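So the protein sequences, as listed, match chains B, F, D and A. In this text, residue positions in the first sequence follow the working numbering: the first is 1, and each later residue adds one. In this text, residue positions in the second sequence follow the working numbering: the first is 347, and each later residue adds one. In this text, residue positions in the third sequence follow the working numbering: the first is 693, and each later residue adds one. In this text, residue positions in the fourth sequence follow the working numbering: the first is 1039, and each later residue adds one. C-beta atoms are modelled at their ideal positions from N, C-alpha and C, and glycine is treated no differently. In this text the structure is predicted, and so the values were computed from the model without any measurement. Notes follow the structure.
There are 4 protein chains.
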Amino acid sequence: MLIVMRHGATDAEIQRVVAVIEELGYKASRMPGAQRTAVGLVGNDGRVDASRLEALPGVQEIIHVSKPYKQVSREWKSENTVVRLPGGVAVGGTDVVAIAGPCSVESERQILEAARQVREAGAVILRGGAWKPRTSPYAFQGLGRPGLQLLAKAREETGLLICTEAMDPEGVGYVAEVADIIQIGARNMQNFSLLKAAGRVKKPVLLKRGMSATIEELLLSAEYLLAEGNHDVILCERGIRGFDAATRNVFDLTAIPVVHKLSHLPIIADPSHGTGLRDKVIPMARAAVAAGADGIIVEVHPHPDQALSDGAQSLFPDQFTQLMREVRVIAEVIGRRVAEPASVGA
Amino acid sequence: MLIVMRHGATDAEIQRVVAVIEELGYKASRMPGAQRTAVGLVGNDGRVDASRLEALPGVQEIIHVSKPYKQVSREWKSENTVVRLPGGVAVGGTDVVAIAGPCSVESERQILEAARQVREAGAVILRGGAWKPRTSPYAFQGLGRPGLQLLAKAREETGLLICTEAMDPEGVGYVAEVADIIQIGARNMQNFSLLKAAGRVKKPVLLKRGMSATIEELLLSAEYLLAEGNHDVILCERGIRGFDAATRNVFDLTAIPVVHKLSHLPIIADPSHGTGLRDKVIPMARAAVAAGADGIIVEVHPHPDQALSDGAQSLFPDQFTQLMREVRVIAEVIGRRVAEPASVGA
Amino acid sequence: MLIVMRHGATDAEIQRVVAVIEELGYKASRMPGAQRTAVGLVGNDGRVDASRLEALPGVQEIIHVSKPYKQVSREWKSENTVVRLPGGVAVGGTDVVAIAGPCSVESERQILEAARQVREAGAVILRGGAWKPRTSPYAFQGLGRPGLQLLAKAREETGLLICTEAMDPEGVGYVAEVADIIQIGARNMQNFSLLKAAGRVKKPVLLKRGMSATIEELLLSAEYLLAEGNHDVILCERGIRGFDAATRNVFDLTAIPVVHKLSHLPIIADPSHGTGLRDKVIPMARAAVAAGADGIIVEVHPHPDQALSDGAQSLFPDQFTQLMREVRVIAEVIGRRVAEPASVGA
Amino acid sequence: MLIVMRHGATDAEIQRVVAVIEELGYKASRMPGAQRTAVGLVGNDGRVDASRLEALPGVQEIIHVSKPYKQVSREWKSENTVVRLPGGVAVGGTDVVAIAGPCSVESERQILEAARQVREAGAVILRGGAWKPRTSPYAFQGLGRPGLQLLAKAREETGLLICTEAMDPEGVGYVAEVADIIQIGARNMQNFSLLKAAGRVKKPVLLKRGMSATIEELLLSAEYLLAEGNHDVILCERGIRGFDAATRNVFDLTAIPVVHKLSHLPIIADPSHGTGLRDKVIPMARAAVAAGADGIIVEVHPHPDQALSDGAQSLFPDQFTQLMREVRVIAEVIGRRVAEPASVGA
C-alpha cells in the first residue's frame, strides 16, 4: 500500500502517517519524489483497512499495490482449481462443461422433457430454478421445495447433475441436500449472509458476477466462500450493466482471461443472461468458449413461447444441439474438449 | 404494452400474437403502421410477463407503456406518503430530516459521543451499523446484537431515534425489536428474501438504491415491501456505479425529483456513500436538499481517523454542525424546514 | 412513434397532440388504454423530431417504434454490403479480414518491418497512424504527412492495403489520397464535420464505435456517411467505457450480432483497444471471430517495448502468427474463411 | 510513477525496468515489499509514456502517482482562474453567472425574444447554437453563419454577452469573430484538432465534459487549450452516460467540488442537458449552485413547444425567472452572489 502525500504536505503530517502505519503493525518506508512524498506500507497481507490512513491530514490518496483477496489468488495457489463433481465431471481442467435447462422448474413434464433434450445435445449438468429472484413481486417466484424434488427426479432419469439457486441462508440447506451445485445469483453476489452460509456446506458453489461488480469484488465474494472452508467455487460471467438498451446486459467476456490470470478458480459464461436475446446466445456461447471459458450455462426450454420466465432468451432444443456441435470444434482449437454426458447412472 | 412486429411479419404471425394476448386474458388491438404493424395489449395492470410474447415468431420488440410497479406509484396514491416516527418526527412532509452518526457502532463510548454530537448539531435520527456488509471477509463486520443494545442506550440518553441495518431475514427480527427504522443496504436492494421479511414487520424501512439499480428497479424493490403490507418505506439515493475513479460513486441527485414524480414515497440522500470523500460531503448534502430531498443521512464520527470503517468519508462533528447551518437556509428557499431534535425523551 | 399521455390527460391535451402530429405532416391514431391513452404517429420515416411533442402538456413520454436511421438499416437494404478493396480484398462477404500493424508509424524501418511481419502471418491490410488522437497534449502526436508516405512505401513493398486515421476535415483529403481505408476513431465518432467530409470522398471508411456510443448512435454516425454518398462503410467495435479498471475498456462483442441484425454494413472488432492488455488480445480476437466479426484489427509491433504508443497492448509478431493460426480454424466452424494475402502487387 | 513487479519477478527483470527508466532520463528507486518489489520512477513531470514500461517482462502494473496534466492543475497555479469578459462579467470569482437561451438560433424574432426574456430574468450571457451537432443527419443542423449575425444583433439590443458553439477548426474562426465565449460541445471534447484551433484564438472557451469522459480526461482536454496559449477556459458538467433510461444523462454534480480541488479553472453546470427533462431543470440548477458551481447554463425558449431542437428540456421564460429567484438565495448561503445584467451597452 502506498500513501501518497499532497504536494506541500508538512513533515509532521508525514510523521503522523508513519506513526499510524506502525500502530497498525506494519513497517513504513518513505519515498521522497520530485513533486511529492509517498509512504510505503510494507508487509501488507491484504487485510489493511485504508480508511484510517485516507483520513489523515496531508494524505492525497491511497494506492493499493497488493490485492485485497488472498486464498482465491494465483499467488496463493498457482495451479488451477478443478471442481470435481459426481460421475467424473470436472470443472476447471481440460474439459469444457455445458450446463443447460430451463430458467425455472415449472412442472414434472417440462423439466423431464428439458433434461432429456439437453442431455441428448451434450449437456452434463441440468439447470433450473426452484426459487427465482424476480425484479417484480408479481412475477412467478418458482415452485420452491417441490421444484427441488422434480430436479432430483430428472437427475435420476437422465444421469445429469443438478445446479440450482439458493436465495437465502435457509434455502442453502434445502438446496445442498438435493443439488450437485448450489448457485448464488448475480443479485446476491454481495449477500454476505448467504455467502457465509454457502461457505459452510460441502457442496460446490456457482457464484455469478453481480451486475455492477468489478472482478475484484467478484473475487472477494468468492473469498468469503473459501474463508469459510468451501474451496469448490466456480465463477460465472453473466453480463454487466451497460448504457445501451440494445441488449439486456453487456456480456463481458474479457473477464474470462482476466479471472484466469488473477485466480486459480474456474470461470464459466452465461450467454443467455449475458445478452438476453435468443438469437445472440449461439454466437456469444461460441465466443465464450473461444475466449477460454471453462464451461457455458445456457437456458434451453422445450417450448420457449410457453415459458413462465425468460422465454425470450431460451433456446429451442435444436438450437442448443447446433450450438454444442460448434463449440466442440472451437474447444479443440484451443486444446480443450467438451465434456460428454456419461450413460445414465454412471 | 405494445408488441412491435418485424417489417414483413406475416399475417399468421400477427394472429398468433393476438391469440397469445387473449390467452393471457387481455384485449389485443392491432395498429398497422407505415413500416410495420404493432399490436397493443389493452388492460395491462403491470403484471404481464412479456417473455412469452417476446419469444413469438415475427415479434421485433416489446414496448412497455405501463409501469411494472403499482402500489408505490403516484397513480395508485397521489398524495405523498409521510412516514411517522416516534416523537413526532415525520419523513416525507414539509420537514427535511437529518440522520447522522458513525458507519459502525464500535463501542459504548464512541456511539454515545457521536449521538450527543450529532444531536447537538441538529440530527433527529442516529445511524450506526451493528452488522456491516463488507466487500472483504477480512474487514470489520460489526458488533452484532451487542451493537443494537448500544444503539438503544444512545437513544435513551439523547432522545434520538435509531436507524440501523439488517442483512438477512433473521437479522430483521433483531433489528425490528430495537430500531425505529430498519435499513436495507444497497447490496441487498434485490435480496428478495430480505425484502419479504422486512415487508412483514411493523417498522419503517429505509431502502437504499442498489449500485446499478435503475429507478424502476428501486421502486419494484419497494413494491415488495408494500405488497407484504409494510407501507412505511423511505427510499435513499446513495450513489451509483460509474466509470470515473475520481469519486467512489456517482451521486445521482436527479433521482430525487424523478422519484418524487413517479412515486408517493419519500426519498432521502446519502452524500457520504454517494461521494466517498469527506470534503465532498458538505457541498453534495447542500445540493441534495436543494434538489428536494426529504432528508439526508450523513456519516459523522467523533474521531474519523480512528474509525474502524469508512473513516475517510466521515465528517468531523464540527463539519456536520456547519453543514446543518447551511442546509437550514436552503430548505427554506424551497418552502421546507429542517426538523429539529426534541428535548430528550420527548 | 407512440405518444403516451399521462394518466388523467384531458381530451383537449390529446387533441393538441393530434393537431401537432398533423401539422408535422403525419397521421395520428388514438389508442385508448386501461390506464391511459396513447397516440400513434403513423407514417414516420425516421425523421420526426420528437422534442416538439415531448414538450406538450399531458404528454408522459415518447416511444420510438421506428428506428431513426434509414439507409444503414437492413430494412432499407436486406443483403449484406460487401466493401470491395483493391487486389480482390472484400469486407462483409464470406472472408474474415485481418488488419494489423503498429499503433503509430514511427520510422521507415519500423513500418516496413511491421508490414513484412504481419503479411507473413496472414494480414491483408496494414494499420498504422500518421496522426494520433492522444488524450494528453504532451504525448507523441504522430509523424503527420510524412507518415502517410511511409505507409505508401510499405504498401508498395508488401502489397498490403493501407488503413489509417484522419482526424479533421483537412486530414480527410490527405488520407484519401494515399490510404485504401480512411479510419475515423472512437473519439471522433460524433465529430459530424469530419463525418460529412469523409462522406464526400470515394474511399471506404472504417468507423469506430465511440467509447460511450449506443449501437443506434453508431449506426446514425454511419448514416451521415451514407447520406453524403459514401456507401463503403465498415463499422468497428473497439470497447466501451465500463466501471472496472481491470481492463481499459469493456469489449462488447455482442455488438457484432446486434449490428448484423439491424444493418447490412460489415463490422469488425479491435481486441487491442477493446481490452488494452496484450495477453487478452489473443483470446478476445478468437472470441470476436467466433461471434461472427467480419474482420479483426490488431496492433502488432516489431518491438513492443520500444513502441512510442500503445506498447503494452501490441502483440509480438510471433503472437500474431499464432493468433492467425487459431482464427483460421474458428472461421471455418461458422462457414467462413480468413482472407489470405495475395502475392505482392496483385 | 510506480512500476509494480509480479510476485516472483526475477532480478534481471527488475534490472531491466531500472535500465529503461534511466534511459528515459529519470531516476529509479527500488522498493522491496513483503509480496513483491516495486520500482519508483522519480522526477516524473507528467509526460512519461508508461506503455514502454508496461510492456516489460515481469511488470504487473503501472501506478500513476503524478497527474498527467500540468498547467490546469492547482499545483501549477494555486489561485482560482477568473475568466474576465466584456462588461465586467467574470467567471470563477465570487459571482455565479447565468447563461441562458434557446438550444438553436432559429430566427431573428425567436432569438431577440429569448434574449430579452432571459436578460429580464437575470442572465448575463446568451446561449444559442448557430451550428448544432445532431446525432441524426436528418435533424435540424443550425442556421450556420447567418445564425451568428442574429446573435450579434441580440447582443447589440440587450447587452448580453454571446456564447455559441464551434464544431470544427474552420468554425472556430467564424465564432471567434462574433462570440464572447466559444463553446466546445461534449461530443467534441476529444476532437483534438478543434481543441488546438480553439487554443490559438484569443477568446474564452467553454469546454463541456464528454459523455463518458473522466474528470482527468476533461482536464487533459483543457490542457490542450492552455498548452496552445489560451488560459481563459471555463469547464462545464453536462451529464454523463448512465444505465438508467429514466433520465437522458446522469448529472454528475460531484464533478464540481472535484474539479475545484484539482484545478484552478472555473466550472459551471448545464442542468438542461444534464437531465434532459424540463421539470428536472429547476431542482438540479438549484443543486448545482448549492454544490458550488461557478455558473449555470440553461436552455430557455420563448415557445418550447415550437422549438426546432431540445424543446422538451427548454424552460418556459417564467420558469427561468422563478429559478433565478431561488438560486440567488442559495448563492448567498455559500458566500457568493448571482451576477446581475448591466444596463444595455454597459
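- A:PRO1340 and A:GLN1187 have their alpha carbons spaced roughly 20 Å apart.
- Residue-level contact by beta carbon fails for F:GLU425 and chain D, as no gap is shorter than 7 Å.
- Fully enclosed beta strand (DSSP E) runs of no fewer than 3 residues occupy 295 to 299 of the segment 285 to 311 of chain B, in order along the chain.
- Across the set F:GLU523, F:HIS577 and F:ARG683, the C-alpha of F:HIS577 shows the shortest separation from the C-alpha of F:LEU541.
- A distance below 8 Å between beta-carbons, with the five flanking residues on each side excluded, links D:GLU915 to the following residues of its chain, in chain order: TYR761, LYS762, GLN763 and VAL764.
- By the CB criterion at 7 Å, F:ARG632 and F:ILE602 fall outside the cutoff.
- Neighbourhood of D:GLU1018 in chain B, by CB distance below 8 Å: VAL333 and ILE334, in chain order.
- Around the beta-carbon of B:ALA130, 16 or more other beta-carbon atoms lie within 10 Å, marking it buried.
- Nearest neighbour of D:ILE854 by Cα position, chosen from D:ALA868, D:ASP860, D:ASN772 and D:SER964, turns out to be D:ALA868.
- Annotation for A:ALA1161: ALA1136 and ALA1138 place their beta carbon closer than 6 Å to its own, counting only its chain and skipping 5 residues before and after.
- By the rule that beta-carbons nearer than 7 Å mark a contact, F:PHE597 does not touch chain B.
- Taking the CA atoms as reference points, F:GLU369 sits about 21 Å from D:PRO724.
- According to the DSSP secondary-structure assignment, B:GLN183 is paired through a beta bridge with B:GLU165 and B:LEU206.
- The segment 37 to 56 of chain B makes no contact with the segment 204 to 212 of chain B, as fewer than three CB pairs between them are under 8 Å.
- Between the beta-carbon of B:PRO266 and that of B:GLY25 there is about 35 Å, and that puts the pair past the 8 Å contact cut.
- The C-alpha of B:GLY159 lies about 38 Å from the C-alpha of F:GLU359.
- Taking C-beta atoms under 8 Å as the contact rule, A:GLN1228 and A:SER1259 qualify, at a distance of about 6 Å.
- The DSSP assignment places complete alpha helix (DSSP H) segments of no fewer than 4 residues inside the segment 371 to 436 of chain F at 397 to 400, in order along the chain.
- Listed along the chain, the chain A residues whose CB falls inside 9 Å of the CB of B:GLY185 amount to none; the nearest CB is some 19 Å away.
- Around the beta-carbon of D:GLU798, 16 or more other beta-carbon atoms lie within 10 Å, marking it buried.
- Classified as exposed, B:ARG30 has fewer than 16 neighbouring CB atoms from the shown chains inside 10 Å of its CB.
- Counting along the chain, the unbroken beta strand (DSSP E) around D:GLU929 starts and ends at 925 to 929.
- Less than 7 Å divides the Cβ of A:ALA1159 from the Cβ of A:PHE1358.
- Nearest CB-CB separation between D:GLU767 and chain F: below the 7 Å threshold.
- Contact of B:MET211 with chain F is assigned, a C-beta pair being separated by under 7 Å.
- Taking a Cβ-Cβ threshold of 9 Å, none of the residues of chain D is close to F:MET351; the smallest such distance is about 10 Å.
- Identification of chain A residues near F:GLY638 by a Cβ-Cβ cut-off of 7 Å yields PRO1321, ordered along the chain.
- The C-beta distance from D:VAL950 to B:ALA246 rounds to 5 Å, short enough to fall under 8 Å.
- Here B:GLN313 is buried: its Cβ has 16 or more other Cβ atoms, across all protein chains shown, within 10 Å.
- Closest in C-alpha terms to A:THR1173, from the list D:HIS956, D:GLY968, D:GLY902 and D:ASP1010, comes D:GLY902.
- The three-state reading of DSSP puts F:ASP441 in strand, counting E and B together.
- Residue burial annotation: F:ALA365 is exposed, with fewer than 16 other C-beta atoms found within 10 angstroms of its C-beta.
- Burial is judged here by how many other beta carbons sit within 10 angstroms of a residue's own beta carbon; F:GLY386 has at least 16 and is buried.
- If the five residues before and after A:GLN1148 are omitted, its C-beta is found closer than 7 Å to the C-beta atoms of PRO1140 and PRO1340, all from its own chain and listed in chain order.
- Annotated three-state conformation of B:LEU262 is helix, per DSSP.
- With 16 or more other CB atoms across the displayed protein chains lying within 10 angstroms of its CB, D:ASP944 is buried.
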